[in-house]
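Working notes for the structure below.
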Amino acid sequence: MEEISYHSSVTADGKRRWLYPLIRKGQLYRLRTWLSYVLLLFLFSAPFVKVNGHQFMMFNIIERKFILFGQVFWPQDFFIFVLAMLIVLISIVLFTIAFGRIFCGWICPQTIFLEMVFRKIEVWIEGEPLARKKLDESPWTQEKIIKKVSKHSLFLLISFFISNTFLAYIISTETLFKIIKEPIQQHWIGFIGIWLFTLAFYLVFSKMRELVCIVACPYGRLQGVMLDKNSLVVAYNFLRGEPRGKIKKNDEKALGDCVDCNLCVAVCPTGIDIRKGTQLECTNCTACIDACDQVMDKIHKPRKLIGFYSEEMIEHQHKPTFSLRMKAYSLIIIIMIGILSFFLLSRKDVDVTILRAGGMLYQEQPGGYVSNLYTAELINKTMNPIKINIKPENPRAKIQWIQGVDSIAKESTVKLTFFVLIPAKEIKKSNSPIHLLIEQNGKWLGKEETNFLGPVN
Ligand code: SF4
Ligand code: SF4
């Protein structure tokens, strides 16, 4: 007998079993559809919407420049970005402990694109599961060629749009538009990149499909260690459902509520039977809940034979609890959000780093002054040019510029070199701290501390 229970997209002899999931529109499916529209709108518009002249979202890994909700994070702010990402990661872990892999079924772009875009196109062109299966198994007739070419052309076109949007997040919309508008010869790498990603997305959504969630995604694999008996996951209430069996007239046998119709398996996009318990392949998409609810309505039994249950809820009729593990993670998230908020609020538009030039001591200057050479790196994180002035806090000290600038262009970095001169009679130690005042567009911005070497009188 063929045993395909725990890897239903794989046959007993290890081959891929192509799935033809059925779509059943229930309450949760409709909710998921609306959520997916919102997420798709966000996904496709976020890199093209501008806030204060910045892209709304960007993850430029190459230049280590990130923009989250219009807030720019430069390489110098990288730790803030990492902290924000850590918070997202821990929140996903907490969410998984509490609600299982619901992120996969409801929010993950892979599922949204596959179930709400590509699958719908496939059903629209090729029909319901049986018709799709028959078409795949039939010889190449004119009808089959037209259907397959139409479907794959649409898949390629959508993959092309996804690829462009994906690159807009990575290399910025400006660079993407340049690749599109300017001659190919000037942007060979960008042009090849667009088509490579198009091909990758096309293969993911037309061929790999659920294997991405089952085999490739590390999050799915981690699920086993994150779940506990209090986690709410899509589960079959076996106490209520078993012994399962088809309803037969005049059959006196006492059966559970499951009529063994297999509809929950037919709608499953990963091809599993949820009645066999929580499985790695389950993305918590809730399609089986909708399907089973419809069956329960028909046979006049209460809904939620399959529903969101924890092990404790099914076996001991316990109410959902906020476990110690969840409390600990929540506390960590609250602390991390506090730290992140502090860094965000104390973040400045201009970053100034001043260092005394290495390998040099002091210089004796005319007029009884002693000088030290400094280099300064200034980063303008704003979308406007700014004027920066540096002056010593000590009114008797002065600055002699070697390399200065009038203004710093928007989103750019400049390096300055200058001497700080201090009257020799004021130097009491061979190495003493000095403070330099920074002004931005005539307004006081901050104070930088560095050290000054000099002769001891
Ligand atoms: S859909 Fe419900 S009734 Fe039908 S087999 Fe699945 S659990 Fe049983
Ligand atoms: S078992 Fe149910 S919730 Fe899990 S993937 Fe299949 S249909 Fe979705």
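Using numbering that gives the first Met the number 0, the letters of the sequence shown map in sequence onto residues 0 to 456.
Every residue gets a Cβ at the ideal spot worked out from N, C-alpha and C, and that includes glycine.
Original post:
Starting from ALA286 and walking both ways along the alpha helix (DSSP H), at which residues does that stretch end?
Top reply: Start and end: 286-297.
**OP:** Tell me whether ALA11 sits in a helix, a strand or coil according to DSSP, three-state version.
**Re:** Three-state DSSP puts ALA11 in coil, outside helix and strand.
**OP:** Since I believe GLY403 is in contact with PHE418 (beta carbons under 8 Å), could you give me their beta-carbon distance rounded to a whole number of angstroms?
**Re:** The Cβ separation is near 11 Å, so there is no contact.
Subject >> Integer Cβ distance of VAL266 from CYS287, believed to fall under 8 Å >> reply: VAL266 to CYS287, Cβ: 6 Å. Contact.
Original post:
What are the uninterrupted segments assigned as beta strand (DSSP E) that are 3 or more residues long and contained completely in the segment 375-441, given in chain order?
Top reply: The qualifying runs are 387-391, 397-402, 411-422 and 430-439.
**OP:** Check whether the Cβ of VAL294 lies closer than 7 Å to any heavy atom of ligand 1, and answer yes or no.
**Re:** Answer for VAL294: yes, Cβ within range of ligand 1.
**OP:** Look at GLY25 and CYS103 and say whether their C-beta atoms are less than 8 Å apart.
**Re:** Pairing GLY25 with CYS103 gives a Cβ-Cβ distance that is not under 8 Å.
Subject >> Alpha-carbon to alpha-carbon, LYS428 and ALA356 >> reply: Computed Cα separation, rounded: 19 Å.
**OP:** Return the chain-ordered ranges of every alpha helix (DSSP H) run that is complete within the segment 45-96 and spans a minimum of 4 residues.
**Re:** None, since the segment 45-96 contains no complete alpha helix (DSSP H) of that length.
Subject >> Beta-carbon spacing of THR374, LYS414 below 8 Å >> reply: In this structure, LYS414 lies closer than 8 Å to THR374 by Cβ.
Subject >> Length-filtered (4 minimum) alpha helix (DSSP H) runs lying within the segment 298-353 >> reply: You should have 310-315 and 323-344.
Original post:
Just how far apart, CA to CA, sit MET0 and GLU127?
Top reply: Note that MET0 has pLDDT 35, beneath the 50 cutoff, so the model's placement of it is unreliable and no number is given.
**OP:** Ignoring anything shorter than 4 residues or poking outside the segment 125-212, list the alpha helix (DSSP H) runs there in chain order.
**Re:** As far as the segment 125-212 is concerned, its whole alpha helix (DSSP H) runs of at least 4 residues are 128-136, 141-170, 172-180 and 187-202.
Subject >> Contact test: ARG243 Cβ vs ligand 3 heavy atom, cutoff 7 Å >> reply: Among the ligands present in this structure, namely ligand 1 and ligand 2, ligand 3 is not found.
Subject >> 8 Å Cβ cutoff, GLY192 in contact with chain B >> reply: In the structure shown, chain B cannot be found, because there is only a single protein chain.
Original post:
Of the residues HIS151, GLU448, PHE94 and HIS186, which one's Cα is nearest the Cα of LEU482?
Top reply: The displayed coordinates of the chain run from 0 to 456. Any statement about residue 482 would go beyond what the structure contains.
Subject >> Length of the line joining the Cα atoms of GLU2 and ILE271 >> reply: Residue confidence is low: GLU2 scores 39 on pLDDT, short of 50, so the model does not pin down where it sits. No coordinate-derived value is stated.
**OP:** Please state whether DSSP places TRP443 in a helix, a strand or coil.
**Re:** Looking at TRP443 - three-state DSSP - the assignment turns out to be strand.
Original post:
Starting from ALA356 and walking both ways along the beta strand (DSSP E), at which residues does that stretch end?
Top reply: Run containing ALA356: none; DSSP gives neither H nor E here.
**OP:** For ASP405, count neighbouring Cβ atoms within 10 angstroms of its own Cβ and tell me buried if that reaches 16, exposed if not.
**Re:** Label assigned to ASP405: exposed.
Subject >> Residue closest to GLY172, alpha-carbon to alpha-carbon, out of LEU156, ILE193, GLN184 and LEU134 >> reply: The amino acid occupying residue 172 in the given sequence is Thr; Gly does not appear at that position. Distance from the Cα of THR172 is smallest, within the candidate group LEU156, ILE193, GLN184 and LEU134, for ILE193.
Original post:
Mind checking whether ILE273 and VAL233 have CB atoms under 8 Å apart?
Top reply: Yes. Within cutoff.
**OP:** Please report how far the alpha carbon of LEU38 lies from the alpha carbon of LEU436, in whole angstroms.
**Re:** So the alpha carbons of these two residues sit roughly 47 Å apart.
Subject >> Where ALA265 sits in the DSSP three-state scheme >> reply: If DSSP states are grouped into helix, strand and coil, ALA265 belongs with the helices.
Original post:
Would you report the Cα separation of ARG15 and ALA45, rounded to the nearest angstrom?
Top reply: ARG15 and ALA45 have their C-alpha atoms some 37 Å from each other.
Original post:
CB-CB under 8 Å to VAL455, same chain, minus the five flanking residues each way: which ones, in chain order?
Top reply: Once the five neighbours on either side are set aside, the close Cβ partners of VAL455 are ILE426, LYS427, LYS428 and SER429.
Original post:
Does DSSP classify GLU448 as helix, strand or coil?
Top reply: In this structure, DSSP gives GLU448 an extended state, which the three-state scheme calls strand.
Original post:
Is DSSP giving GLU114 helix, strand or coil here?
Top reply: GLU114: helix per DSSP, three-state reduction.
Original post:
Would the beta-carbon of ILE389 fall within 8 Å of that of VAL349?
Top reply: In this structure, VAL349 does not lie closer than 8 Å to ILE389 by Cβ.
Original post:
Looking at C-alpha atoms only, which residue of CYS107, SER370 and TYR168 is the closest neighbour of PHE43?
Top reply: Of the candidates CYS107, SER370 and TYR168, the one whose C-alpha sits nearest the C-alpha of PHE43 is TYR168.
Original post:
By DSSP, does VAL504 sit in helix, in strand, or in coil?
Top reply: Residue 504 is absent from the model: the chain starts at 0 and stops at 456.
**OP:** Decide if HIS53 is buried, meaning its Cβ has at least 16 other Cβ atoms within 10 Å, or exposed.
**Re:** Under this definition HIS53 is a buried residue.
**OP:** Report the rounded CA-to-CA distance for GLY441 versus ASN393, giving the unit in angstroms.
**Re:** If you take the alpha carbons of GLY441 and ASN393, they lie about 18 Å apart.
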